[in-house]
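Engineer: Please see the structure below; I have some questions.
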Amino acid sequence: MYRFALPLTLLLAACGAQPAPEFFDAKRTDIRHDGRDYVVYQKGNRAEIIRLGFLRPGQHRATRETMTRLLEQVTGCAIIAATLQGDSGEMRTTLRCPEAAG
């Protein structure tokens, strides 16, 4: 049984952050903030952020707040609060993006 543990662990580690199906062909941005890694996927006016790594008890609320700020920072768009779903591991939302200059 244990002979499969290491290969399985390596396989899962290689997968990293995988987006929800609606974001499979989305733009990916990797970001590190305060020592923690996140991945942001943006496709049109929709976005997803995934936190990588472990959180200790008591860190979830601050991490959710950080994730919402990072979504806006990375995408350059405002979150439509009523559409924000998820937790401190993964969030999805619809964005209000400025009109393209032109």
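Counted the way mature numbering (1 follows the signal peptide of the UniProt record, and there is no 0) counts, the sequence shown spans residues -19 to -1, 1 to 83. Glycine is no exception: its CB is placed at the ideal position from the N, C-alpha and C atoms. Note that the structure is predicted; figures quoted are calculated from it, not measured.
(1) Where Glu53 and Pro38 are concerned, what is the direct C-alpha to C-alpha distance, given to the nearest angstrom?
(2) Using a 10 Å radius around the Cβ and a threshold of 16 neighbouring Cβ atoms, would you call Gln66 buried or exposed?
(3) Excluding sequence positions up to five away, which residues of its chain have a Cβ less than 6 Å from the Cβ of Thr10?
(4) Compare the C-alpha of Asp18 against each of Arg42, Leu36, Ile61 and Phe5 and name the closest.
(5) Buried or exposed for Ala28, going by 16 or more other Cβ atoms inside 10 Å?
(6) Under 6 Å Cβ to Cβ from Arg45, same chain only, skipping five residues before and after it: list those, please.
(7) How is the beta strand (DSSP E) around Gln23 delimited, first residue to last?
Structural biologist: On the basis of the supplied data:
(1) 26 Å
(2) It counts as exposed.
(3) Val21 and Val55
(4) Closest option to Asp18, Cα to Cα, is Leu36.
(5) buried
(6) Ser69
(7) Arg17 to Lys24
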